[in-house]
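Chains as they are written, first to last, in our numbering: chain A, 866 to 1168; chain B, 866 to 1168.
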DNA sequence: GGTATTGATACTCTCTCGGCATCACAGACC
DNA sequence: GGTCTGTGATGCCGAGAGAGTATCAATACC
């Protein structure tokens, strides 16, 4: 009874027919296909019966395609070829030799761990394409939920957001980045309260309310009410503003490794906000080998 | 042992998988496919095993596609859809509800029998497209051999060419087509020898050496050596030249039914060349239902 | 905690498919 | 023209795949 797909044949019939149509000779075709000739005869006959159409004109001595047979071959052959390519492609994809991962990151990630990860990942999985886009923490969490990205480098609150796995990559007490000509730029040590008069460049609060508020709290505990000169994004623009002398900004020491001219990085004594960089992904993420490979390289496999 | 096409699956597996992937529910999918649920489970499991790739992530309660599964579905679905359309199309083609016939013809055919045949054919087989092209006899025979055309309306020698079936459609003693102002245009009766001074418009000899030579022989037997004004093709141009007053040309009475102004048709008394129009096709033509249909309409079915 | 739902398993049966042997027929060859 | 060779079709049989029924195990829901 369930002998009825909407197809009056099986893949086997098509492959058999194709071979006979190519060779125009049952015995040779049978040999190519590694079946006995009678099996071929019957398969073709069955195909013709199911289709209700004669595909081959066979006298006892000669085999030739009918018009319908030729049309059938022309229609079927490209489909068979396309279908033959599918398993290999899928296996490559499942084996992590192909595919793509969509990864989001913040400026801090790009300034620290990300370049090394990307270089190593590209070395080990040259077939997997990484699609990168810079995106603030809040947007990344949203994109992860939607499945728009597979994983992200972002800055969570101390309590990791629910539903995500995270791997801590960086946790550092922030220093300050100052314009080079700032009066404190050469001071050996700085405390937060020294910066009461200095305008600060921040990121838009909506991008990461938790961290934003921790920064404000740090000022508060130092007895200072900070002046927010501007809120800019992406991160590179914040550094640009500092360079232009418009104010200072917080910065993790790791991020201060290579800096442009005209700015100076100074660590902070006493209370200061902490930057935490994690790699996060959906706990229930479907088995995505490309993501898995990326997590392995990012050293987050265990989490 | 012959369990190895280059495909690790059968059409059945693909159809089953597609349905499960759509419904994400084995029981419902099984119902849609009119199989029992266990059969589905096993087919999918077998597909995954043969592919060596997990396509579905199934907890006991929820079914979802893996990344590989989604890619597989995307690759396979259009192929399945394309394949589903094939049998119907082929059946239509074999049943004569679709397809095309390539038909060649000469000017005489188009001026006499062809329009009626085409009208009737189009009425009875609206799905079959007729591809027409005007072509001289010799070229038609070549095209028939090559299979470039399925049948042709042409002018054979008395002995039909070998390997072809033909049906005689027209056999007429030619008259002459003259410019209206020609001195003989109003003569009640003409004989070939009256035309000794009149230049003649012919077709290139290579187009039909047999007929060409029969024309010359007719002149010869009338004691006349004709003056060939020009050899032109296709036929309409010959009539054009007559109209322009450059000479006369031979013409079958049937062809003279509707004529432009400025020309006059006159029958010939005594010896005159004969035009024979036949419909011809390869005797060993493979069963082409479209051709068969055309031959039936052209009244050549019996031959 | 009980119940219902859902996918997986166990077992059996059927029937298809493939192999082997053989047939029937058409060309080829002498 | 008779014989032989090669070709596709057919008959028969056995193995095995696939489907069905019954049932299990796990999980979500009340």
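No residue lacks a Cβ here, since even glycine has one placed at the ideal position from N, Cα and C.
For residue i, which residues does DSSP report across the bridge?
i, result
"residue 1130 of chain B", "B:1042"
"residue 1116 of chain A", "A:1040"
"residue 1125 of chain B", "Partner(s): none; residue 1125 of chain B has no beta bridge."
"residue 995 of chain A", "A:966"
"residue 1140 of chain B", "B:1037"
"residue 1066 of chain B", "B:1095"
"residue 898 of chain B", "DSSP, once it has assigned bridges, lists no residue as partnering residue 898 of chain B."
"residue 928 of chain A", "A:923"
"residue 1055 of chain A", "A:1133"
"residue 1017 of chain A", "A:969, A:1145"
"residue 1029 of chain B", "B:1147"
Round the Cβ separation of residue i and residue j to the nearest angstrom and send it over; I've been treating them as touching at under 8 Å.
i, j, result
"residue 1069 of chain A", "residue 1098 of chain A", "6 Å"
"residue 1034 of chain A", "residue 1143 of chain A", "6 Å"
"residue 976 of chain A", "residue 1126 of chain A", "That belief does not hold up - the Cβ atoms of residue 976 of chain A and residue 1126 of chain A are roughly 17 Å apart, past 8 Å."
"residue 880 of chain B", "residue 989 of chain B", "That belief does not hold up - the Cβ atoms of residue 880 of chain B and residue 989 of chain B are roughly 38 Å apart, past 8 Å."
"residue 1032 of chain A", "residue 1133 of chain A", "That pair is no contact at about 27 Å."
"residue 987 of chain A", "residue 1020 of chain A", "Not confirmed; about 25 Å, so no contact."
"residue 1007 of chain B", "residue 968 of chain B", "Not a contact, Cβ separation roughly 15 Å."
"residue 958 of chain A", "residue 1154 of chain A", "7 Å"
Using a Cβ-Cβ cutoff of less than 6 Å, which residues in the same chain neighbour residue i once the five nearest sequence positions on both sides are dropped?
i, result
"residue 1080 of chain B", "1138"
"residue 872 of chain B", "none"
"residue 992 of chain A", "962, 963"
"residue 994 of chain A", "965"
"residue 940 of chain A", "none"
"residue 1091 of chain A", "1065, 1084"
"residue 938 of chain A", "886"
"residue 978 of chain B", "1034"
"residue 1014 of chain A", "967, 969, 1008"
"residue 868 of chain A", "Note on residue 868 of chain A: pLDDT 45, under 50, position unreliable in the model; the coordinate value appears next. Closer than 6 Å at the Cβ level, and outside the excluded window around residue 868 of chain A, lies no residue."
"residue 1140 of chain A", "1037, 1039, 1117"
When the Cα atoms are used, what is the spatial distance from residue i to residue j?
i, j, result
"residue 1082 of chain B", "residue 1024 of chain B", "17 Å"
"residue 1128 of chain B", "residue 1066 of chain B", "14 Å"
"residue 866 of chain A", "residue 1156 of chain B", "Legend: pLDDT at residue 866 of chain A = 41, less than 50; position of this residue unreliable, no value from coordinates given."
"residue 875 of chain B", "residue 1001 of chain A", "47 Å"
"residue 878 of chain A", "residue 915 of chain A", "11 Å"
"residue 1022 of chain A", "residue 893 of chain B", "44 Å"
"residue 1004 of chain A", "residue 896 of chain B", "42 Å"
"residue 951 of chain B", "residue 905 of chain A", "22 Å"
"residue 1108 of chain A", "residue 970 of chain A", "23 Å"
"residue 1106 of chain A", "residue 956 of chain A", "49 Å"
"residue 890 of chain A", "residue 883 of chain B", "36 Å"
"residue 1094 of chain A", "residue 1075 of chain A", "20 Å"
"residue 960 of chain A", "residue 947 of chain B", "29 Å"
"residue 1089 of chain B", "residue 1111 of chain B", "19 Å"
"residue 1052 of chain A", "residue 1116 of chain A", "17 Å"
"residue 1100 of chain B", "residue 982 of chain B", "20 Å"
"residue 900 of chain A", "residue 1030 of chain B", "41 Å"
"residue 998 of chain A", "residue 1078 of chain A", "25 Å"
"residue 1152 of chain A", "residue 923 of chain B", "11 Å"
"residue 1167 of chain A", "residue 943 of chain B", "Confidence at residue 1167 of chain A is low in this model, with a pLDDT of 42, below 50, so its placement is unreliable and the value that follows should be read with caution. So the two alpha carbons sit approximately 39 Å from each other."
"residue 1114 of chain A", "residue 1159 of chain A", "32 Å"
"residue 1028 of chain B", "residue 902 of chain A", "33 Å"
"residue 1175 of chain A", "residue 1148 of chain A", "A question about residue 1175 of chain A goes unanswered here, because the residues of chain A that appear run from 866 up to 1168."
"residue 1123 of chain A", "residue 1040 of chain A", "15 Å"
"residue 949 of chain A", "residue 888 of chain A", "20 Å"
"residue 936 of chain A", "residue 1146 of chain B", "21 Å"
Within the same chain, show all residues whose beta-carbon is closer than 8 Å to that of residue i, passing over the 5 residues directly before and after it, in chain order.
i, result
"residue 921 of chain B", "885, 886, 909, 913, 928, 929, 930, 931, 934"
"residue 1049 of chain B", "1043, 1055, 1059, 1060, 1063, 1131"
"residue 919 of chain A", "913, 931, 933, 934"
"residue 1045 of chain B", "1126, 1127, 1128, 1129"
"residue 984 of chain A", "none"
Apart from the five residues just before and just after residue i, which ones in its own chain have a Cβ nearer than 7 Å to its Cβ?
i, result
"residue 1136 of chain B", "1057, 1083, 1086, 1087"
"residue 974 of chain A", "1018, 1142"
"residue 854 of chain B", "Since the first and last residues shown for chain B are 866 and 1168, residue 854 of chain B lies out of range."
If you measure beta-carbon to beta-carbon, which residues of the stretch 925-954 of chain A are closer than 9 Å to chain B? Correct list: 929, 930, 931, 932, 933, 934, 935, 936, 937, 940, 941, 943, 944, 945, 947, 948, 949, 950, 951, 952, 954.
Give, in chain order, every residue of the stretch 871-888 of chain B whose Cβ lies closer than 7 Å to some Cβ of chain A. Residues of the stretch 871-888 of chain B with a C-beta less than 7 Å from any C-beta of chain A: 871, 872, 873, 875, 876, 877, 880, listed in chain order.
Closer than 9 Å, Cβ to Cβ, to anything on chain B: give me those residues from the stretch 907-919 of chain A, in chain order. Per Cβ criterion, the list reads 915, 916, 917, 918, 919.
Within 9 Å of chain B by C-beta, residues of the stretch 1133-1158 of chain A in sequence order: Along the stretch 1133-1158 of chain A, the positions whose C-beta sits under 9 Å from a C-beta of chain B are 1151, 1152, 1153, 1154, 1155, 1156, read in chain order.
Contacting positions in the stretch 957-991 of chain B - beta carbon closer than 8 Å to chain A: Those residues of the stretch 957-991 of chain B that come within reach of chain A (Cβ to Cβ, closer than 8 Å) are 958, 959, 964.
Closer than 7 Å, Cβ to Cβ, to anything on chain B: give me those residues from the stretch 1080-1109 of chain A, in chain order. Nothing from the stretch 1080-1109 of chain A brings a Cβ to less than 7 Å from some Cβ of chain B.
Contact set between the stretch 992-1016 of chain B and chain A, restricted to residues whose Cβ is under 7 Å from the partner: Cβ contacts with chain A: none found.
Of the residues that make up the stretch 1045-1073 of chain A, which ones have a beta carbon closer than 9 Å to any beta carbon in chain B? Answer in chain order: no residues at all.
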